[in-house]
Structures are given as structure tokens and as C-alpha cells.
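The opening position of the sequence shown corresponds to residue 2 in this note's numbering, with each subsequent residue numbered one higher.
Glycine included, C-beta positions come from ideal geometry on N, C-alpha and C.
Just so we're clear, the structure is a prediction, and the values are computed from it rather than from any experiment.
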Amino acid sequence: MVDQSDLSFTQKEILSLFTDHYQFAITDEQAQTLFSYTDGWIIALQMVWQRLQTSRSKILDNILAELPSALSDIFNFLAQEVLMRQPEPIQQFLVSTAVLRQLDAGSCNYLLDIQDSKSILQMLYEKGLFISTTDNANFRYQRLFQDFLLNQGKLSSHKAENLHKKAAEYFTNINDFEEAVFHWFSYGDLAQAANLIEHIGPKHLEIGRLRTLSKWIEQLDEHQLELHPALNLLMGDVLRLRSKFEDAINCYNKAEKIFLQNKDSLGRSDALRSKAQVYLDTIRPLKGSSLLEEAIGLLEPQEYPSQVAALLDQLAENKLNSGKPSEARALHKEANMLRSESDPD
Numbered sequence: 002m003v004d005q006s007d008l009s010f011t012q013k014e015i016l017s018l019f020t021d022h023y024q025f026a027i028t029d030e031q032a033q034t035l036f037s038y039t040d041g042w043i044i045a046l047q048m049v050w051q052r053l054q055t056s057r058s059k060i061l062d063n064i065l066a067e068l069p070s071a072l073s074d075i076f077n078f079l080a081q082e083v084l085m086r087q088p089e090p091i092q093q094f095l096v097s098t099a100v101l102r103q104l105d106a107g108s109c110n111y112l113l114d115i116q117d118s119k120s121i122l123q124m125l126y127e128k129g130l131f132i133s134t135t136d137n138a139n140f141r142y143q144r145l146f147q148d149f150l151l152n153q154g155k156l157s158s159h160k161a162e163n164l165h166k167k168a169a170e171y172f173t174n175i176n177d178f179e180e181a182v183f184h185w186f187s188y189g190d191l192a193q194a195a196n197l198i199e200h201i202g203p204k205h206l207e208i209g210r211l212r213t214l215s216k217w218i219e220q221l222d223e224h225q226l227e228l229h230p231a232l233n234l235l236m237g238d239v240l241r242l243r244s245k246f247e248d249a250i251n252c253y254n255k256a257e258k259i260f261l262q263n264k265d266s267l268g269r270s271d272a273l274r275s276k277a278q279v280y281l282d283t284i285r286p287l288k289g290s291s292l293l294e295e296a297i298g299l300l301e302p303q304e305y306p307s308q309v310a311a312l313l314d315q316l317a318e319n320k321l322n323s324g325k326p327s328e329a330r331a332l333h334k335e336a337n338m339l340r341s342e343s344d345p346d
């Protein structure tokens, strides 16, 4: 059987098509943009090339910016033909599940309160209805087709919102928090989105998902950031790791102010520790030490032994880097004693 992937170009093949066949050099990033929007759909790629030939600017980035409108007429005609040939239940399935970025039997069944999504998805794939899969279990609509389905008008804004809400609940329940965040934003529930981002944000920071994390936080309003000052700390960390130190300090200051208003000594200590890290990163050890000492002073060692021990270790490292090994040893010793007292085993 001819697979849909046999009829489309990969990102590498798109690069070769334009550079070698069309004699129009494009970058890897431009090839990725073309692939992400067209899924390698050959007719769409040919249309981009035709527009390049007739465009005055001859600049691919300008064509890419116009890509949705450039392709919409011909694709909408083809998609309308395909959609109208489907039975009404399949039309409803297509339009409703278009809110999902990834499709599988579980999410579609939950969304539509049905039990036969697995067979429907397989049937759509075998019929070549602008849907792709890598493992016959997880599917996604071709992006142009998904945009077409979402703009059909068959789905009222109220129904679309409810579908996003159900999807958010489903993905939250199965601990797929990233998809859940997307759907909470799409539903318009910033509070739920903020709760999840605060929960999963530290892990995203740890594994380097800075772009995703900053994009999420930037979508939140000031009210949510006031309710979740830890998100200001996370945004500050993103900015610090991008070497935007003054912007990072501003985020940490916002967080510290809110923690102070909330009489949250642990949160305020975290904000001071984060600010200290900026000064340590920029080789200003005196200011860094001062902030770390202030952060330690806010916490009762018996109440927050692990946090105080971590601060003492960080201060010790700074003392060592400042040429004060004896002070560093004393601080490390104090930190180790605190750990052993809180966890004798």
C-alpha cells in the first residue's frame, strides 16, 4: 500500500528540492518552516516556488510569512471536496478532534464520548485524509487540513471552548501536562494554566526547555503572576540563563516584593538566592555573599534544614572562589551538620 509519507517531502528533501532542483538556496531553518506548515505536501511546495518566481521581492521569508493565505484557496477547495464526501459522523469527528495537536484513541474517545476512535483514525489514515502517523497509534492532522477544519464554522466558539476544556482535563488526568497547558490556554483558563506551569516549570528549566517556559509565562496576565510569584522566579531564571541579567533581577525583585507582602519567608529567601546567583554569574562575589547571607537569615534552620544547608553550601563556594578557604570549610561543615541533625540516618 502506498503510504502518505511516500507522497510528501521530508525536510532534507525540501532543502534539496529548492537548492538543487530550483537552484534557489534556502537555509535549514527555512526548510523546517516549509515542512512544519506544509508537511512536505508537494502541491504546496510547488505553489511556494511559483509565488517566489512571480514575487517582486524574491525573498523566501516574505513568502513564508504569507504562506497561510497563499495556500488557503487551493487547499480549502481540495479539503472541502474531501470533507463533503465523508459521512456526517466522520465530518463531526474530523471537525471536533481538530482542536487536538496529537490524536490517539484515548484522547478522541474522551473528547467525543465514543469508543471507536481507534478504528476511525486507522480508517482516515488508510484513506489518506491528510493525517499522518509514526506508529499507528499516535496521529496528527496535516497542518493545512487542521487549519481548514478549525475554520469551517461547523464548530461554534462555545463548543470549541468546551472541547479544549475536556482535552485539558483529559491530559491533566494522564499527566501529559504540556498538552494540558496548551488546552487550558486555548480554553482561556489562565488560573489552571498557571497552576500547571508552576508545577512543571522547574523540570522544564532543568532540561533546558527555556523557550517553551518563557512562552507560557508571557501568556499570563499580571494577576496570575501576582498569585504565583514563583513564576516570576522561573522567568528570572530563564532570563539569567540567557544572560539577560538586568531583566532577570527585575523578575526576582517582583517575586521578592510579592513574597514579602504575603509574609512568605521561604519564597523571599528563594528570590534573594536567585538574585545572588546573578551576581555570582557576573563575578560580583561581595554582593552575591550579602544576598545569600540575607537569604539565610530569613529562614529558621530547624524548620528549613535542607534549604539553609543548600544556601550555606552556595555561600561556601563563593567564599572559596573569593580566596577564603577557611571560611568556606566552616560553612560546608555547618551545612553538613545541619543535614545530619535533620536526617540522622
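Note down, in chain order, each residue of its chain lying with its Cβ closer than 7 Å to the Cβ of residue i, except the 5 sequence neighbours on either side.
i: S244; result: none
i: Q24; result: none
i: F260; result: P230, G268, R269, A272
Given this structure, state the Cα-to-Cα distance separating residue i from residue j, to the nearest angstrom.
i: D4; j: Q87; result: Only weak support exists for where D4 lies, its pLDDT of 48 falling under 50; the coordinates are left without a value.
i: L235; j: L150; result: 36 Å
i: T11; j: I60; result: 22 Å
i: V309; j: P302; result: 6 Å
i: H229; j: N319; result: 30 Å
i: L339; j: P306; result: 6 Å
i: E30; j: Q220; result: 25 Å
i: A231; j: A32; result: 38 Å
i: A317; j: R330; result: 7 Å
i: E342; j: H333; result: 14 Å
i: E82; j: D148; result: 15 Å
i: L293; j: N152; result: 54 Å
i: G202; j: L214; result: 7 Å
i: L226; j: L122; result: 40 Å
i: K166; j: N174; result: 12 Å
Is it buried or exposed, residue i, if we count other Cβ atoms within 10 angstroms and call 16 or more buried?
i: H184; result: buried
i: M2; result: With a pLDDT of 41 at M2, under the threshold of 50, the modelled position of this residue cannot be trusted, and the question is left open.
i: D238; result: buried
i: K160; result: exposed
i: E257; result: buried
i: G268; result: buried
i: D7; result: Its pLDDT being 49, under 50, D7 is placed unreliably by the model, and the measurement read from it follows with that caveat. Classification for D7: exposed.
i: A106; result: buried
i: L285; result: Here residue 285 turns out to be Arg, not Leu, going by the sequence shown. So R285 ends up on the exposed side.
i: K276; result: buried
i: D222; result: exposed
i: S290; result: buried
i: N322; result: exposed
i: L242; result: exposed
Which class does residue i belong to by DSSP, given the choice of helix, strand or coil?
i: S9; result: strand
i: R141; result: strand
i: I201; result: helix
i: L316; result: helix
i: I297; result: helix
i: I259; result: helix
i: L164; result: helix
i: V101; result: Reading off the sequence shown, one finds Leu at residue 101, where the question assumed Val. Three-state DSSP puts L101 in coil, outside helix and strand.
i: E14; result: helix
What does a CB cutoff of less than 8 Å around residue i pick up in its chain, not counting 5 residues either side in sequence?
i: L164; result: S97, V100, L112, L156
i: F246; result: L240, V279, D282, T283
i: R144; result: S37, Y38, T39, D40
i: L46; result: F10, I15, L18, L35, T39
For the beta strand (DSSP E) holding residue i, just list the boundary residues, first then last.
i: S244; result: Note, S244: premise wrong, no beta strand (DSSP E); not H, not E.
i: I132; result: 132-134
At a cut-off of 8 Å, would you count residue i as near the ligand GTP, judging by its Cβ distance to the nearest heavy atom?
i: K119; result: Inclusion of the ligand GTP in the displayed structure is not the case, the ligand content being empty and no account of it being possible.
Excluding the 5 residues preceding and the 5 following residue i in the sequence, name in chain order all residues of the same chain whose CB lies nearer than 6 Å to its CB.
i: C391; result: Residue coverage of the chain in this structure runs from 2 to 346, which leaves residue 391 outside it and unanswerable.
i: A296; result: S270, L273, R274, L312
i: A194; result: V182, W185, F186
For the alpha helix (DSSP H) containing residue i, list its first residue and its last residue.
i: D1; result: Outside the displayed span of the chain (2 to 346) sits residue 1, for which this structure offers no information.
i: W217; result: 211-219
i: E342; result: 326-343
i: Q123; result: 118-127
i: H229; result: It is not in any alpha helix (DSSP H) - H229 carries neither H nor E in the DSSP assignment.
i: K264; result: Per DSSP, K264 belongs to no alpha helix (DSSP H) and is neither H nor E.
i: Q31; result: 29-39
i: I284; result: That residue, I284, is in no alpha helix (DSSP H); it is neither H nor E in DSSP.
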